[in-house]
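Shown next, in structure tokens, is the structure this report addresses.
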Amino acid sequence: MPDRIAPTVVLLAAAVACAIHGCAKTREDEHAQQLASRVRDEFLHAWNNYERYAWGHDALRPLSKTAHDWYGQSLLMTPVDALDTLILMHLDAEAERARSLIATDLSFDRDIYVKNFEIAIRLLGGLLSSYQLSGDKRLLRLAEDLGNRLLPVFNSPTGLPYVYVNLRTGQIRDPVTNPAETGTLLLEFGTLSKLTGKPVFYEKAKRALVETFKRRSPLGLVGESINVDTGAWTNADSHISGGIDSYYEYLWKCWLLFGDKDCRDMWNASIPTINKYLADEIRGGLWYGHADMQTGERTKTEYGALDAFFPALLAFSGDVERARRLQASSFKMWNLYGIEPETLDYKTMRVVAGSYHLRPEIIESTYYLYRYTGDPEYRRMGEKMFDDFVKYCRAESGYAALADVISKEQVDEMQSFVLAETFKYFYLLFAPPETLQFDKVIFNTEAHPLKRTR
Ligand code: DMJ
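Just so you know, this note's numbering puts the end of the sequence shown at 454, numbered straight through with nothing missing.
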């Protein structure tokens, strides 16, 4: 009776396969949970040493065990940047200490010139995200005070922001800036508008983004530096690296966060040009290099730690195929020396700038690709990078940047983004999906999740 046995056999085989698949899935999940817990322990190692040696200051210097303040006075850069990671990791006592330090000690009424871009992405973004996660209105009040103090940066003839603003006097300085600094403001200022009901923040940051886009070349590329007084480009090199990177990121993200169609249109007009002039095929691999914004000619075959955010953005905007290929190149760059360099010449595979600042971008892309494909390869990639990260960058009192990825010599630097971004993306890659509802938030460029208000 072969035709009666067949369905039984098929069913049995399916049951066995399901059981095996189920077990495999559980094993993978268990392993991922162990990794998430390791990441949390290592994050705590960094945070506890900040508490011990640099409490109340901007950052920990992990080798000398001393504190560092960016502007001579503390703006609590590390606690504000790290707070939402503490909350997401359920480090409740630590989060409570950080939140109460911020609420009682943080004051923006200071006679110091601060860099608008860094303050907006780290402090404004951090305060808004932690407010949304905790409901603590003191954080929103601080964010609004900060937003008001930053507003004078937009008082240029073009509406493009100056680089520095004095938090007390509102004086501004330094007109030569770049697209990342003019275009990476709308998620933070826009969210502030939504939460306070005051449109001025959205309007000013949106204008700065649009004014940057309007100055693209006839080919559709933007340059590396621009004068906000004249609106003229002062450096025509075009790329997706530091100085331009998050301008593109925010074109796409402000469409998703606010449903702003102008942003979607500017992104749709930009991405084909980026893929046409900056994407580069070398030895069967996909990279993104530099080109002259006016002629489109290749100027450098360089890619680095900062460029490695791009697979995340490609996947996020629907181009998973390219994202996978570029992520493979980023991982190749990482594996050359077991830690990625700041800049690599992808044509010769020689290191151009050998430092490693504990940057998050490559992990961010690994996390996005895992979320979009569910392919366990990305968790394995993340595990390899985490092992290397711990092996070479863990110091007795925190995590230390590397002067050189070849010698692995450590330097006395642990920027706040290590706690805001690098550990957060490692953690989210391995933690169960319910830790954070990926499709309900948009991460600002400093990995602060902002709730979608579309
Ligand atoms: C962070 O401050 C942000 O991610 C920014 O967009 C780029 N540089 C650092 C991390 O590398």
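Note that the Cβ used here is the ideal one computed from N, Cα and C, for glycine as well.
Everything numeric in this text was worked out from a predicted model, so none of it was measured.
Query, Result
"Residue 152 beta carbon less than 8 Å from that of residue 125", "no"
"Neighbourhood of residue 270 by C-beta distance below 7 Å, restricted to the same chain and skipping five residues each side", "220, 248, 251"
"Counted within 10 angstroms of its Cβ, other Cβ atoms place residue 349 as buried (16 or more) or exposed", "exposed"
"Closer than 7 Å: residue 446 CB and nearest the ligand DMJ heavy atom", "yes"
"The segment 118 to 135 contacting the segment 143 to 152, beta-carbon criterion three pairs below 8 Å", "yes"
"Cβ-heavy atom distance, residue 306 to the ligand DMJ, below 7 Å", "yes"
"Strand pairing of residue 68, partner residues [DSSP]", "59"
"Under 8 Å between C-beta atoms of residue 112 and residue 48", "no"
"Classification of residue 90 by the beta-carbon crowding that lies within 10 angstroms, buried from 16 upward", "exposed"
"Proximity test, residue 246 beta-carbon vs the ligand DMJ heavy atom, cut-off 7 Å", "yes"
"First through last residue of the alpha helix (DSSP H) which encompasses residue 462", "Because the chain here runs from 1 to 454, residue 462 falls outside it and cannot be looked at."
"Heavy atom of the ligand DMJ within 7 Å of residue 361 beta-carbon", "yes"
"Residue 442, buried or exposed, once every other Cβ within 10 Å from all chains shown has been counted against 16", "buried"
"Segment limits, alpha helix (DSSP H) that includes residue 222", "It is not in any alpha helix (DSSP H) - residue 222 carries neither H nor E in the DSSP assignment."
"Limits of the alpha helix (DSSP H) - the one that residue 457 falls within", "Outside the displayed range of the chain (1 to 454) lies residue 457, so it cannot be described from this structure."
"Closer than 7 Å: residue 119 CB and nearest the ligand DMJ heavy atom", "no"
"Whole runs of the beta strand (DSSP E) within the segment 156 to 237, excluding any shorter than 3 residues", "164 to 166, 225 to 227, 233 to 235"
"Neighbour-count burial assignment, residue 4, 16 or more Cβ in a 10 Å radius", "With a pLDDT of only 41 at residue 4, under the threshold of 50, the placement of this residue in the model should not be trusted, and no figure is reported."
"Residues near residue 300 in its chain [Cβ-Cβ closer than 7 Å; skip 5 each side]", "289, 290"
"C-beta contact flag for residue 362 and residue 305 at 8 Å", "yes"
"Close beta carbons around residue 65, own chain, < 7 Å, minus the five adjacent residues each side", "53, 397"
"Beta-carbon proximity list for residue 428, same chain, < 7 Å, skipping 5 on both sides", "367, 435, 436"
"Distance between residue 26 and residue 7 (C-alpha atoms, nearest Å)", "Only weak support exists for where residue 7 lies, its pLDDT of 42 falling under 50; the value from the coordinates is given anyway. Distance between the alpha carbons of residue 7 and residue 26 is about 28 Å."
"Sequence-distant residues of the same chain with beta carbon closer than 6 Å to residue 296, five excluded per side", "219, 277"
"Residue environment, residue 73, which counts as buried when at least 16 other CB atoms sit within 10 Å", "exposed"
"Cβ-based burial, residue 104 [other Cβ within 10 Å; buried from 16]", "exposed"
"Helix, strand or coil at residue 126 [DSSP, three-state]", "helix"
"Residue 292, DSSP secondary structure in three states", "strand"
"Coarse secondary structure for residue 98, derived from DSSP in three states", "helix"
"Endpoints, alpha helix (DSSP H) assigned at residue 350", "Taken as a continuous stretch (DSSP letters only), residue 350 belongs to no alpha helix (DSSP H), being part of the beta strand (DSSP E) at 350 to 353."
"Terminal residues of the beta strand (DSSP E) in which residue 282 lies", "279 to 282"
"Distance cut-off 7 Å: residue 342 Cβ against heavy atoms of the ligand DMJ", "no"
"Coarse secondary structure for residue 118, derived from DSSP in three states", "helix"
"Contacting residues, own chain, Cβ-Cβ under 6 Å from residue 158 (five flanking each side not counted)", "211, 228, 231"
"Residue environment, residue 190, which counts as buried when at least 16 other CB atoms sit within 10 Å", "buried"
"Buried versus exposed call for residue 444 [16 or more other C-beta atoms within 10 Å across all chains shown]", "buried"
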